[in-house]
Amino acid sequence: MRISFERTGGFAGISKKTTFDTATLPPNEAQELPRLVEAADLFKLPERITSPNPQSDRFQYKLTVEDNGRQHTVMVSEAALPGTLRPLIEWLNKNRS
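When the letters of the sequence shown are read in order and numbered with this note's numbering, they come out as residues 253 to 349.
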C-alpha cells in the first residue's frame with residue numbers, strides 16, 4: 253500500500269508532501285497503516301469533503317491511496333474532517349518527515 257499525503261494551508265500557507273509505502277516502513281507501522289485506512293473506510297469516501305462554513309488558515313489534506321490495483325484520492329478540509337478519517341490524518345501528520 254502506498255499513500256501520498258499532502259497538507260496545505262494553515263497560518264503560513266506552507267505545503268508539505270510525503271509518501272508512505274508499507275513495503276519500506278518498519279513492520280509495526282506497515283501493519284498499522286492499512287488498519288487505519290480500513291477503519292477510515294477511505295475507498296468509500298467522496299473525492300472531496302468540504303465544510304459548509306469554510307475557515308481561513310485551516311489545513312487542507314489530500315490523500316491518494318494505492319492498494320492492490322485500486323487507487324482513490326480524497327481531498328478534505330480540516331474543518332470537515334470526518335471522525336473515521338481523523339486517526340489516519342493524525343498518524344500521517346505525526347509520521348511525515
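Where a beta carbon is used, it is the ideal one built from N, C-alpha and C, also for glycine.
Predicted, not measured: the structure shown is a model, and the values here were computed from it.
| Item | Value |
| --- | --- |
| Quick check on the DSSP output: the beta strand (DSSP E) that includes R254 runs from which residue to which? | R254 to G261 |
| When you compare the CB of I266 with every CB in chain B, is at least one pair closer than 8 Å? | Among the protein chains of the structure shown there is no chain B, as only one such chain exists. |
| Answer yes if the segment 326-342 comes into contact with the segment 270-282, meaning at least three C-beta pairs across the two stretches below 8 Å, and no otherwise. | no |
| Roughly how many angstroms lie between the CA atoms of P304 and P298, to the nearest whole one? | 15 Å |
| So A275 and L340 are in contact, right, with Cβ under 8 Å, and what is the actual spacing, rounded? | A275 to L340, Cβ: 19 Å. No contact. |
| What ranges does the beta strand (DSSP E) occupy inside the segment 261-316, keeping only unbroken runs of at least 3 residues that lie completely in it? | 268-273 |
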